[in-house]
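Protein sequences, first through last, are from chains A and B.
No gaps in the numbering here: position 220 of the first sequence is 228 in the numbering used here, and each next residue is one more.
No gaps in the numbering here: position 274 of the second sequence is 317 in the numbering used here, and each next residue is one more.
By construction, the Cβ of each residue, glycine as well, lies at the ideal position given by its N, Cα and C atoms.
Notes to accompany the following structure.
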Amino acid sequence: MSSLLQLEEVQLVGSQRDRLISLSLQVHRGERVALLGPSGAGKSSLMSVINGTLIPQQGTVLWRGRSLQQRNRRQRCEIGTLWQDLRLIEELSVGQNINAGVLGRRGLPWALANLLFTIGSEPCLQCLRQAGLEPQVLGSEGLDRPVKRLSGGQRQRVALARLFRQQPSLVLADEPLASLDPAIAAEVLDRLLERDADGSLAYGAEAVMVSLHRPDLIHRFDRVLALRDGRLLIDAPARAVTPGELQDLYAL
Amino acid sequence: MALPRPSAPALAVLPALALLPVLITVLAGIHAGGVEIWMAFLSAAVHPSLDPLLLKALLRALQVTLAMALAGWSLSLVLGVLLGCFASERLMQTWRWPTWPAWILRRSLALPRSVHELIWGLLLLQVLGLHPWVAVAAITIPYAALVARVWRDQLDALDPSRLQALLQGGAPPLAACCTALSPAMGTVLMSYGGYRLECALRSATLLGVFGLGGLGTDLQLSLQSLQFRELWSGLWLLGLLSVSLEILLTLWRRQSHKAQAGQRRLCLFLAGVIVAGITGSTWLHVLLPDSGSVVWQGLALPDWGRLMLAAAELPWLRLIYETLLLTVLAAGIAVGLPPLAMLLVPSRPWQVVLNAVWALMRLIPPPLTVLLLLLSNRPTLAIGALALGLHNGGVMGRLLREELEQQSADQQQAMGALGASARLSWLYGLFTPRSPGYLAYGAYRSDVILRETVVVGLIGGSGLGWQLLESLSSFHWDAVLVLIGAYALITLLGEWLNDQCRDRWLQS
């Protein structure tokens, strides 16, 4: 498998929670990676370094063999993030939020037009369905429904739809199951990990990395990365991770 | 494609389109000689006159303006709070008084509120003669009515449960009100009261431009005689005072927002208001010792038949159309320009430049901008709209900055991580979350602009303002009264319309 993302000796010095120490890892094409670790282990920091929100003080982050800092706007669109707090824009409608997923490929006139009316409602509806939300649920307002009037589960689907609309090559999902009931959580995870018959991810991405607090779900993934105190403790195929290792990971 | 259903950020940026017809008209009207005068004006900004005699005179005039502003501000706050309490139906119910006087008082306050301080100034000038207290009264009357409205609205919007709990416990009504309402109302008073002080300083300068004394008069005389270096000496002094005041108020506001500001802080503010009033009045008396006492010059009571006759003579359609057009264009520029300017170049250095531009725009009273533009242009409605729009754009620019400072960077980062450019990250991640609040301010500002059309109308030769000046100059009192009535009516209608929009935007 060829390497999509490569981190070499990455060092991030921030607050207690924003800390990564000599971190090296690779993510390959076609992989579904589970990122485990107790709270404050550095999972969100790692995702922020990968999506370019945090810049490490040392080390290199290579995306398709090129330094992350050298990526242009179009290449930045290749990494999509499903944030833990979703980061939907409360003041906009469902359709406008989903369309925000393609801002990286559009100019100012398109962005302004999207604030006037929902552009391209068909792709938005398609992404919404792909995220598991039938448009009928939104009532007569449909895509024009303000995001602030959605339930927690519906908001999660809209964030997922925005991610699908972005069509990223690598998906980073930061604790996407944290505040969901078990049924919705299972469905969201299905959507993120679903594969086509040819083995590629159903929504077109080449790899996905999901951070979670549920060691019982690692069998759904190909590989497990586990962090503690900013250090990488486990980097192994999912089937090779033992219950003992997981216990050690969460032990105080 | 679905029907357009503009979101709050689009509604905030699109009004900037008003700039197009205004700029086309203004640029087409520029004459060659005017460019030279403008260059002289701009170069004088870096070479203001430092003549000690002039500076002494300007400093004295600045003190007069500040004293007028302090006295007017203090009086309007005290009166406004009292009137606001008596106009509050909730307070009347608490005190077991009938609520109909509160209703009548609330309706009656609409008239003084809807008439701009300049009109009050010119009217009082006619009936009381030239006296420093005319300017103070002109500021106090509409400001007190405005403060009363805000105070009453806030009082009636408060959760009554705490007050009811105290009353049921047997507390006397006045003590219960002070205990239950003062924490929330204290914050309102300190925040809104501070803002009104800035407005009072602007109004005192503006009244001076129309001959009521202080720095405004000196600025206007310097401009009319094309003494740009003298003009800039005055502007820089005024700028220094405004910036100092703004910094003090910002520091005060930041402290007040820290929840546990407490009752001691409120008492301190109230004491400051009273001291400001006493200082302002004493200062005025010291600076202008020969002003004598106010003498009522007399004004005949209007006759209904003559009022009707005066109303029939006026070209209402044209006057109202021009006033509304002036308002729409100026409000479009004021609301739309600050976010548009930030959107085009969302960088830190550009923001610093913009802040300086907005500060300058706030500083120069709109009639002076009109006079400046008229140096190189012929009088048109577009000139008035540009002057009014830029001045109020200065106020909106600062409000926008304050709004954006309260927004966390998370959304903007999320947009950046999506690959959006800095411009689009600013638009979607930073501006959009704050746009409903900004629009609500914009709706309030449009009310102010409608009232202020009188200021540029007087100079720009358009709308009800111009007609009002004509009638005032010819002592045609019947027409003056009819026009003031019409102005009040349009302003109240505009206020009602904007209230509807504001509620919708804040709830959406």
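Which bits of chain B does residue i rub up against, with CB to CB less than 9 Å?
i, result
"residue 61/A", "456, 457, 459 and 460"
"residue 89/A", "457, 460 and 461"
"residue 172/A", "Neighbours of residue 172/A on chain B: none; closest Cβ ~13 Å, over 9 Å."
In chain A, which residues lie less than 9 Å from residue i when you measure between Cβ atoms?
i, result
"residue 423/B", "Result: empty, since nearest Cβ-Cβ is about 30 Å, beyond 9 Å."
For residue i, I'd like the list of residues in its chain whose CB is within less than 7 Å of its CB, leaving aside the five on either flank, ordered along the chain.
i, result
"residue 103/A", "126, 129, 132, 151 and 152"
"residue 106/A", "132, 135, 136, 166, 169, 170 and 173"
"residue 59/A", "87, 89 and 180"
"residue 419/B", "73, 74, 77, 78, 80 and 81"
What number of angstroms, rounded off, separates the C-alpha of residue i from the C-alpha of residue j?
i, j, result
"residue 202/B", "residue 531/B", "32 Å"
"residue 45/B", "residue 485/B", "Interpretation of residue 45/B is limited by its pLDDT of 49, a score under 50 that renders its predicted location unreliable; the figure taken from the coordinates is listed afterwards. Going from the Cα of residue 45/B to the Cα of residue 485/B covers about 27 Å."
"residue 323/B", "residue 86/B", "35 Å"
"residue 114/A", "residue 435/B", "33 Å"
"residue 294/B", "residue 492/B", "28 Å"
"residue 240/A", "residue 388/B", "41 Å"
"residue 180/A", "residue 535/B", "54 Å"
"residue 375/B", "residue 59/B", "5 Å"
"residue 242/A", "residue 201/A", "21 Å"
"residue 266/B", "residue 72/B", "21 Å"
"residue 186/A", "residue 161/A", "11 Å"
"residue 446/B", "residue 384/B", "16 Å"
"residue 372/B", "residue 426/B", "11 Å"
"residue 68/B", "residue 180/B", "38 Å"
"residue 330/B", "residue 255/B", "14 Å"
"residue 147/A", "residue 158/A", "11 Å"
"residue 168/A", "residue 539/B", "42 Å"
"residue 356/B", "residue 111/B", "38 Å"
"residue 166/B", "residue 512/B", "11 Å"
"residue 517/B", "residue 162/B", "15 Å"
"residue 229/A", "residue 208/A", "14 Å"
"residue 63/B", "residue 429/B", "11 Å"
"residue 211/B", "residue 230/B", "26 Å"
"residue 528/B", "residue 424/B", "23 Å"
"residue 235/A", "residue 18/A", "13 Å"
"residue 510/B", "residue 209/B", "55 Å"
"residue 249/B", "residue 89/B", "24 Å"
"residue 66/A", "residue 84/A", "20 Å"
"residue 297/B", "residue 232/B", "14 Å"
"residue 55/B", "residue 16/A", "46 Å"
"residue 526/B", "residue 417/B", "26 Å"
"residue 57/A", "residue 258/A", "23 Å"
What does residue i reach in chain B if we use C-beta pairs closer than 8 Å?
i, result
"residue 50/A", "The premise fails here: residue 50/A is roughly 18 Å from chain B at the closest Cβ pair, so nothing lies under 8 Å."
"residue 204/A", "What residue 204/A touches in chain B: nothing, since even the nearest Cβ is about 24 Å away."
"residue 85/A", "461 and 462"
Under 7 Å Cβ-Cβ, which residues of chain A neighbour residue i?
i, result
"residue 466/B", "116"
"residue 479/B", "99"
"residue 470/B", "119"
"residue 52/B", "123"
Who are the near neighbours of residue i in its chain, counting only those whose CB is closer than 6 Å to its CB and skipping five residues on each side?
i, result
"residue 184/A", "90 and 196"
"residue 349/B", "521"
"residue 126/B", "191"
"residue 465/B", "389"
"residue 433/B", "404"
"residue 541/B", "486, 489 and 490"
"residue 105/B", "258 and 280"
By Cβ distance below 8 Å, which residues in the same chain neighbour residue i in space, the five residues on each side in sequence not counted?
i, result
"residue 36/A", "9, 10, 11, 12 and 215"
"residue 40/B", "No statement about residue 40/B is possible, as the shown extent of chain B runs from 44 to 551 and does not include it."
Which chain B residues are close to residue i, counting only those with a beta carbon under 7 Å from its beta carbon?
i, result
"residue 138/A", "Those within 7 Å of residue 138/A in chain B number zero; the least Cβ separation is about 18 Å."
"residue 112/A", "461, 462 and 463"
"residue 109/A", "461"
Establish whether the CB of residue i and some CB of chain D are separated by less than 9 Å.
i, result
"residue 93/A", "As a matter of chain content, chain D is missing from the structure shown, whose protein chains are A and B."
For this session: Within the segment 444 to 485 of chain B, note down every full alpha helix (DSSP H) run reaching 4 residues or more, in order along the chain.
Result: 453 to 460 and 465 to 468
For this session: Mind the definition here: the segment 17 to 36 of chain A touches the segment 191 to 204 of chain A only if three or more C-beta pairs lie below 8 Å; say whether that holds.
Result: By the criterion of at least three beta-carbon pairs nearer than 8 Å, the segment 17 to 36 of chain A is not in contact with the segment 191 to 204 of chain A.
Problem set entry | At least 3 beta-carbon pairs within less than 8 Å: the segment 337 to 357 of chain B vs the segment 134 to 143 of chain B | no
For this session: Please determine if the segment 402 to 415 of chain B and the segment 425 to 440 of chain B are in contact, where contact requires at least 3 C-beta pairs separated by less than 8 Å.
Result: yes
Exercise. Which ranges would you report for the alpha helix (DSSP H) in the segment 129 to 211 of chain A if only whole runs of at least 4 residues count?
Worked result: 129 to 138, 160 to 174 and 190 to 201
For this session: Decide yes or no for the touch test of the segment 161 to 181 of chain B against the segment 190 to 201 of chain B: beta carbon pairs closer than 8 Å, at least 3 of them.
Result: no
Exercise. Hey, is the segment 496 to 515 of chain B in contact with the segment 473 to 484 of chain B, meaning 3+ C-beta pairs nearer than 8 Å?
Worked result: In this structure the segment 496 to 515 of chain B does not lie against the segment 473 to 484 of chain B, because fewer than three pairs of beta carbons, one per stretch, are closer than 8 Å.
Exercise. Can we say the segment 229 to 248 of chain B touches the segment 114 to 128 of chain B, given the rule of at least three CB pairs closer than 8 Å?
Worked result: Contact between the segment 229 to 248 of chain B and the segment 114 to 128 of chain B is present: three or more C-beta pairs spanning the two stretches fall below 8 Å.
Problem set entry | Sequence ranges, alpha helix (DSSP H) only - wholly within the segment 212 to 267 of chain B, length at least 4 | You should have 216 to 250 and 258 to 267.
For this session: Jot down the residue ranges of each uninterrupted alpha helix (DSSP H) in the segment 57 to 140 of chain B, minimum 4 residues, whole runs only, in chain order.
Result: Listed in chain order, they are 62 to 71, 75 to 87, 95 to 129 and 132 to 137.
Exercise. How about the segment 260 to 278 of chain B and the segment 90 to 104 of chain B: do they share at least three Cβ pairs that are nearer than 8 Å?
Worked result: yes
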